[in-house]
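For the sequence shown, the UniProt record's numbering gives the first residue as 1, with consecutive numbering after it.
No residue lacks a Cβ here, since even glycine has one placed at the ideal position from N, Cα and C.
Worksheet for the structure shown next.
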Amino acid sequence: MPLLTSRARHILQPLKPLTLSIGFSFVVPLRLFGSTTNATDRTKVHCTRRLVRQPSPAASRESPYPIVFLRMRGIEGLEEDAEWVDWASMFSEKGYTSVEIDISSPSPSPSSDPASESANGSISVPSTDTSTSTSAEDISTLKPMVNLLASEIRLLAIPFPPILVAFGGSTILAQAFIEDNPSSGLILINPAEDTDPRSEKQQIQTRLKYPTFTYEPHFPILVLSDQAGLRRLSVTNRLVREYGQLPPSAEDHQQEQEKKGWFGGFGGGSSRSKGIEIGVLDELTSPSGLNEKGRIEVERWMDRQGF
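This is the structure in structure tokens:
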């Protein structure tokens, strides 16, 4: 047996380089195929910004509730240019864990453009059958964005649900998150209307079905906008229309009465029964209302809610 073993060793020894070369030959194709995932990643949602600011040690107290400043990116017709750097920094100085999160939608594919021309010059017309495309759009765009946002919030490892802050079109993603996930509070600044403001072309390109929200506001919610915006939202926004009471006009009351932060009066005479508070933004110094006065309004509301 020792003799046979030594002979087998001498016979197999020349084959060792061959087996090694075969083993390495499979590594290169795998790496090549792995590089192709960059192309498929374009069809997936991404977290393009996640900046966490810890509470300042100089703060008088530290709040257990994190504040998430949310932006929804890549949705043409709904994207806003709101910047949360100043607000996030100031709330961090006040003792809050401030988090900036940007969730970007998948890049629109060239085939989704309804005006794309073929080689013979004909224009491709999108199918009018929405029985299957509607659910596919909803699943492929908004739902993964909500799931990714929930995952990014879980990574904070903070036991208390967050306070979401969103502006303009990004309030759609914030409210979609509220539909299926817990939240300690919701701050909507110039929120989106119930009807889709995008053109038909933008709706097809972005592959996002405009949602209809049904959640009940049994938690603290702050809606901020200017006087004209609040009057428009009283017709076009469900929260303001069903649970809010607009401030009186300047012709009826004095200016200081219009600047009150609470315009309750919903349900059984209790102004806080539904948790909706409506505030008036001063947009004289900032077109968006994201100025120091707006931040102070939010901070006072959070103090009233016990955050």
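I need the DSSP call for residue i, collapsed to helix, strand or coil.
| i | result |
| --- | --- |
| Val45 | coil |
| Ser183 | coil |
| Asp194 | coil |
| Ala115 | For Ala115, the predicted structure reports a pLDDT of 43, less than 50, and the residue's modelled location is therefore unreliable. A value from the coordinates is still provided. The answer is coil: DSSP assigns Ala115 none of H, G, I, E or B. |
| Ile67 | strand |
| Leu142 | helix |
| residue 353 | Because the chain spans 1 through 307 in this model, residue 353 falls outside it and cannot be assessed. |
| Leu239 | helix |
| Leu164 | strand |
| Ser225 | strand |
By a C-beta neighbour count over all protein chains shown, 10 Å radius and 16 as the cutoff for buried, is residue i buried or exposed?
| i | result |
| --- | --- |
| Ser67 | The residue asked about is misnamed: residue 67 is Ile in this sequence, not Ser. With 16 or more other Cβ atoms within 10 Å, it is buried. |
| Gly121 | Since pLDDT at Gly121 reaches only 41, below the 50 mark, its modelled position is unreliable, and no value is offered. |
| Ala174 | buried |
| Arg73 | buried |
| Met302 | buried |
| Pro159 | exposed |
| Phe91 | buried |
| Phe177 | buried |
| Thr212 | exposed |
| Val45 | buried |
Check each candidate in the options and name the one with the smallest Cα separation from residue i.
| i | options | result |
| --- | --- | --- |
| Lys293 | Tyr210, Trp87 and Leu230 | Trp87 |
| Ala157 | Pro217, Val52 and Phe213 | Val52 |
| Phe219 | Thr236, Pro211, Pro182 and Glu299 | Pro182 |
| Lys94 | Arg61, Gly74 and Phe160 | Arg61 |
| Asp102 | Leu148, Ser63, Asp226 and Phe213 | Leu148 |
| Cys47 | Ser89, Pro211, Ala82 and Pro144 | Pro144 |
| Ile189 | Leu222, Ile75 and Arg154 | Leu222 |
| residue 333 | Ser104, Leu186, Gly169 and Asp194 | An answer regarding residue 333 cannot be provided, because it is not within the stretch 1 to 307 covered by the chain. |
| Arg241 | Ala58, Tyr210, Pro211 and Glu277 | Glu277 |
| residue 309 | Leu142, Arg50 and Glu216 | Lying before the first or after the last residue shown, residue 309 is absent from the chain, which here runs from 1 to 307. |
| Thr141 | Val85, Asp180 and Lys209 | Lys209 |
Do the CB positions of residue i and residue j come within less than 7 Å of each other?
| i | j | result |
| --- | --- | --- |
| Thr171 | Ala192 | yes |
| Ala166 | Leu70 | yes |
| Gly279 | Leu224 | yes |
Using the Cα positions of residue i and residue j, report the straight-line distance between them to the nearest angstrom.
| i | j | result |
| --- | --- | --- |
| Glu152 | Tyr243 | 31 Å |
| Ser56 | Val99 | 14 Å |
| Arg238 | Gln305 | 22 Å |
| Pro161 | Pro64 | 9 Å |
| Ser89 | Ser234 | 32 Å |
| Tyr96 | Gln54 | 7 Å |
| Val298 | Val146 | 24 Å |
| Ile187 | Ile163 | 8 Å |
| Ala58 | Asn291 | 23 Å |
| Ile296 | Asp282 | 11 Å |
| Ser105 | Gly169 | 13 Å |
| Arg300 | Phe307 | 10 Å |
| Ile75 | Thr236 | 21 Å |
Say yes only if the C-beta of residue i is nearer than 6 Å to one or more non-hydrogen atoms of the ligand ATP, and no if none qualify.
| i | result |
| --- | --- |
| Gln227 | Looking at this structure, you won't find the ligand ATP or any other ligand, since it has none at all. |
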